[in-house]
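Trainee: Shown below is the structure under consideration.
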Amino acid sequence: MKDLLVVGGGPAGLATALHAARAGLDVTVLEQRVGTVDKACGEGLMPGAVAALADLGVDPAGHDLLGIRYVAGARRVEADFRSGRGRGVRRTTLHDALSRAVADAGVAVEHVGVHGIEQDDEGVTVGGHRARYVVAADGLHSPLRRSLGLDRPRRRQLRRGLRRHYTVRPWSDHVEVHWARDAEAYVTPVADDLVGVAVLTTRTGSYDDHLAAFPELLDRVASAARSGSDRGAGPLRQDATARTAGRVLLVGDAAGYVDALTGEGIALAVAQAGAAVQAVVRGDVAAYEQDWRRLTRRYRWLTSALLGATSRRSSRSALVPTAERLPWLFGATVDALARPAHAGAHSSPTGQSAG
Numbered sequence: 001m002k003d004l005l006v007v008g009g010g011p012a013g014l015a016t017a018l019h020a021a022r023a024g025l026d027v028t029v030l031e032q033r034v035g036t037v038d039k040a041c042g043e044g045l046m047p048g049a050v051a052a053l054a055d056l057g058v059d060p061a062g063h064d065l066l067g068i069r070y071v072a073g074a075r076r077v078e079a080d081f082r083s084g085r086g087r088g089v090r091r092t093t094l095h096d097a098l099s100r101a102v103a104d105a106g107v108a109v110e111h112v113g114v115h116g117i118e119q120d121d122e123g124v125t126v127g128g129h130r131a132r133y134v135v136a137a138d139g140l141h142s143p144l145r146r147s148l149g150l151d152r153p154r155r156r157q158l159r160r161g162l163r164r165h166y167t168v169r170p171w172s173d174h175v176e177v178h179w180a181r182d183a184e185a186y187v188t189p190v191a192d193d194l195v196g197v198a199v200l201t202t203r204t205g206s207y208d209d210h211l212a213a214f215p216e217l218l219d220r221v222a223s224a225a226r227s228g229s230d231r232g233a234g235p236l237r238q239d240a241t242a243r244t245a246g247r248v249l250l251v252g253d254a255a256g257y258v259d260a261l262t263g264e265g266i267a268l269a270v271a272q273a274g275a276a277v278q279a280v281v282r283g284d285v286a287a288y289e290q291d292w293r294r295l296t297r298r299y300r301w302l303t304s305a306l307l308g309a310t311s312r313r314s315s316r317s318a319l320v321p322t323a324e325r326l327p328w329l330f331g332a333t334v335d336a337l338a339r340p341a342h343a344g345a346h347s348s349p350t351g352q353s354a355g
């Protein structure tokens with residue numbers, strides 16, 4: 001019987017496999033999709049994510065990012081990262097780099113569909129395989145989360161994301177966040193001749209409908225050729241009642257997701273992957289819930305606060321002017337986003353490190 005099965009071959013699942021291999025576990029990844037996996041996302045890695053990936057031996061090619069710039073019409077304010085450079089990386093490039101690292105680590109990836117899960121006191125059976133533990137890293141709309149009864153549906157109006165790439169030389173080394181009345185556009189240089197533009201909104205409509213709300217940005221890309229197909233994702237907000245069920249641990253978007261507003265998804269996924277593997281090594285799955293809450297506390301608080309502050313149009317219109325007047329606050333916020341999320345070590349009841 002294997003030590004660990006990882007369901008999901010995206011960044012969260014592959015990072016879990018790398019952590020597991022490093023810990024000496026016998027691990028297999030189960031992923032239904034074959035080949036490079038793409039996804040609608042902003043594609044900006046914060047410095048903490050770059051450092052966390054490097055620690056796993058993963059160094060994807062991309063475009064260096066110096067910081068974040070907020071734009072609202074003629075107003076703009078920017079702050080540089082204090083903890084190193086970020087990197088704009090195509091999602092496909094990131095997936096390929098993680099896949100190569102997993103292959104180099106000798107971890108098997110089997111392309112099978114996963115339908116249902118069974119577990120007992122000794123192990124878990126899923127996808128025709130059996131292991132002592134399972135990590136569910138099967139994405140935003142995780143079927144395993146739902147089958148385990150951990151899904152918490154939301155009825156409020158929810159945000160969705162759309163992403164397109166343009167073949168154009170980046171005009172900035174910062175991630176630009178353009179603010180409009182009902183949407184934000186995230187501009188991320190991902191190569192010397194390629195820029196990704198992701199739009200987040202609660203409104204329905206096509207990508208072009210939403211981009212029309214950003215005249216300056218529209219002018220910049222009007223003559224640029226599109227690269228690849230448009231991608232969409234959502235609803236973004238997903239909640240789980242818990243991060244564990246028996247011998248199953250939820251990692252990445254499957255464990256719950258607030259919004260893409262702060263761009264911390266990859267850093268959090270890698271940190272959660274490390275914490276989940278530590279829990280498996282210790283045989284203390286219940287400790288992962290506490291570790292998950294600690295690792296995601298800053299993200300959940302900051303993202304929820306920003307969403308709440310920008311849910312009213314009056315607040316949205318005041319955001320960039322306020323950041324201009326209080327550059328120290330904007331800089332501190334950017335610095336908080338850039339810092340890595342550390343998996344750390346769980347403390348035993350005696351207060352000593354448990355591993």
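FYI, in full-length UniProt numbering the residues of the sequence shown are 1 to 355.
Just so you know, even glycine gets a beta-carbon here, dropped at the ideal spot from N, CA and C.
How big is the Cα-Cα spacing for valine 6 and valine 320?
Mentor: Along the sequence shown, one-based indexing puts residue 6 at 6. Along the sequence shown, one-based indexing puts residue 320 at 320. Between valine 6 and valine 320, the C-alpha separation is close to 42 angstroms.
Trainee: Under DSSP, the alpha helix (DSSP H) around serine 314 begins and ends at which residues?
Mentor: Walking along the sequence shown from the start, residue 314 turns up at place 314. Counting along the chain, the alpha helix (DSSP H) containing serine 314 begins and ends at 313 to 325.
Trainee: Do arginine 163 and cysteine 41 have their beta-carbon atoms positioned less than 8 angstroms apart in this structure?
Mentor: As a working mapping, residue 41 is identified with position 41 in the sequence shown. As a working mapping, residue 163 is identified with position 163 in the sequence shown. Yes. Within cutoff.
Trainee: With a threshold of 16 other CB atoms inside 10 Å of the CB of glutamate 176, please say whether the residue is buried or exposed.
Mentor: As a working mapping, residue 176 is identified with position 176 in the sequence shown. Glutamate 176 is buried by the Cβ-count criterion.
Trainee: Using a Cβ-Cβ cutoff of less than 7 angstroms, which residues in the same chain neighbour threonine 167 once the five nearest sequence positions on both sides are dropped?
Mentor: Your numbering for residue 167 matches position 167 in the sequence shown. If we look at threonine 167 and ignore the five residues flanking it on each side, its Cβ neighbours are Asp193, Leu194, Ala224, Ala225 and Ser227.
Trainee: What do you get for arginine 13, buried or exposed, if any count of 16 or more other CB atoms within 10 angstroms of its CB means buried?
Mentor: Position 13 of the sequence shown, counted from the start, is the residue given in the question as residue 13. Checking the sequence, you will find glycine at residue 13 rather than arginine. That one is buried.
Trainee: So for threonine 201, helix, strand or coil by DSSP?
Mentor: Here residue 201 corresponds to residue number 201 of the sequence shown, with the count starting at 1. Threonine 201 falls in the strand class under three-state DSSP.
Trainee: With DSSP as the reference, identify every bridge partner of glutamate 78, one or two as the case may be.
Mentor: Here residue 78 corresponds to residue number 78 of the sequence shown, with the count starting at 1. For glutamate 78, which the question treats as bridged, DSSP gives the partners Arg69.
Trainee: Select from Gly123, Ala245 and Ala318 the residue whose C-alpha is nearest the C-alpha of arginine 181.
Mentor: Counting from one through the sequence shown, the residue named residue 181 turns up at place 181. Answer by Cα proximity: Ala318.
Trainee: Have a look at Gly263, Asp284, Ala332 and Arg293 and flag the residue whose alpha-carbon is nearest the alpha-carbon of leucine 65.
Mentor: Mapped onto the sequence shown, residue 65 falls at position 65. When each option's Cα is compared against that of leucine 65, the closest is Gly263.
Trainee: Put serine 304 into one of helix, strand or coil per three-state DSSP.
Mentor: For the purposes of this step, residue 304 is identified with residue 304 of the sequence shown, where counting begins at 1. Helix.
Trainee: At which residues does the alpha helix (DSSP H) containing glutamate 216 begin and terminate?
Mentor: Residue mapping note: residue 216 aligns to position 216 of the sequence shown, counting from 1. Run containing glutamate 216: 215 to 221, per the alpha helix (DSSP H) assignment.
Trainee: How about alanine 136 and glycine 8: do their beta carbons lie closer than 8 angstroms?
Mentor: Locating residue 136 in the sequence shown gives position 136, where the first residue counts as 1. Locating residue 8 in the sequence shown gives position 8, where the first residue counts as 1. Their beta carbons are under 8 angstroms apart, which means alanine 136 touches glycine 8 by this criterion.
Trainee: Go through its chain and collect everything with a Cβ distance to threonine 244's Cβ below 6 angstroms, but skip five positions before and after it.
Mentor: By one-based count along the sequence shown, residue 244 stands at place 244. The residues are Val285, Tyr288 and Glu289.
Trainee: Does DSSP put alanine 21 in a helix, a strand or coil?
Mentor: If you number the sequence shown from 1, residue 21 lands on position 21. Here alanine 21 sits in helix by DSSP.
Trainee: Only counting the same chain, and skipping five residues up and downstream in sequence, which positions put a Cβ closer than 6 angstroms to that of alanine 213?
Mentor: Sequence index remark: in the sequence shown, residue 213 carries index 213 (1-based). Ala180 and Ala183, listed in sequence order.
Trainee: Going along the chain, which residues of its own chain have a beta-carbon closer than 6 angstroms to the beta-carbon of histidine 95, five neighbours each way excluded?
Mentor: Here residue 95 corresponds to residue number 95 of the sequence shown, with the count starting at 1. Thr36 and Val37, listed in sequence order.
Trainee: Between the segment 206 to 220 and the segment 109 to 118, do three or more beta carbon pairs fall short of 8 angstroms?
Mentor: Contact fails: fewer than three Cβ-Cβ distances are below 8 angstroms.
Trainee: Report yes if the C-beta distance between alanine 336 and alanine 52 is below 8 angstroms; otherwise report no.
Mentor: Mapped onto the sequence shown, residue 336 falls at position 336. Mapped onto the sequence shown, residue 52 falls at position 52. Cβ distance not < 8 angstroms, so alanine 336 and alanine 52 don't count as in contact.
Trainee: Mapping the DSSP letters down to three states, classify threonine 241 as helix, strand or coil.
Mentor: As a first step, residue 241 must be located in the sequence shown, where it is residue number 241. Three-state DSSP puts threonine 241 in coil, outside helix and strand.
Trainee: May I ask which residues mark the beginning and end of the beta strand (DSSP E) holding leucine 4?
Mentor: In the sequence shown, the residue the question calls residue 4 occupies position 4. Per DSSP, leucine 4 belongs to the beta strand (DSSP E) from 2 to 7.
Trainee: Grouping DSSP H, G and I as helix and E and B as strand, with all else coil, what is valine 114?
Mentor: If you number the sequence shown from 1, residue 114 lands on position 114. Three-state result, valine 114: coil.
Trainee: Going residue by residue through the segment 140 to 214, where are the continuous alpha helix (DSSP H) segments of at least 4 residues, counting only ones entirely within it?
Mentor: 143 to 147 and 207 to 211, all fully within the segment 140 to 214.
Trainee: Please report the straight-line C-alpha distance between serine 172 and methionine 1, rounded to a whole angstrom.
Mentor: As a position in the sequence shown, residue 172 is number 172, starting the count at 1. As a position in the sequence shown, residue 1 is number 1, starting the count at 1. Taking the straight line from one Cα to the other gives about 51 angstroms.
Trainee: Around the C-beta of aspartate 208, are 16 or more other C-beta atoms found within 10 angstroms, so that it is buried, or is it exposed?
Mentor: As a working mapping, residue 208 is identified with position 208 in the sequence shown. Exposed is the call here.
Trainee: Look at the alpha carbon of threonine 125 and the alpha carbon of leucine 148, and state the distance between them as a whole number of angstroms.
Mentor: Position 125 of the sequence shown holds residue 125. Position 148 of the sequence shown holds residue 148. Answer to the nearest angstrom: the Cα atoms are 13 angstroms apart.
Trainee: Can you name the start and end residues of the alpha helix (DSSP H) that arginine 282 belongs to?
Mentor: Sequence index remark: in the sequence shown, residue 282 carries index 282 (1-based). Residues 265 to 282.
Trainee: So, helix, strand or coil for alanine 105, using DSSP?
Mentor: As a working note, residue 105 is residue 105 in the sequence shown. In the structure shown, alanine 105 sits in coil (DSSP, three-state: anything other than H, G, I, E or B).
Trainee: Taking the beta strand (DSSP E) that valine 50 falls in, what are its first and last residues?
Mentor: Translated into the one-based positions of the sequence shown, residue 50 becomes position 50. It is not in any beta strand (DSSP E) - valine 50 instead sits in the alpha helix (DSSP H) that spans 47 to 55.
Trainee: Going by Cα to Cα distance, which pick from Met46, Arg145 and Gly128 is closest to threonine 241?
Mentor: Translated into positions along the sequence shown, residue 241 becomes position 241. Closest option to threonine 241, Cα to Cα, is Arg145.
Trainee: In chain order, which continuous runs of the alpha helix (DSSP H) of length 4 or greater are located wholly inside the segment 118 to 142?
Mentor: Listed in chain order, there is nothing to give.
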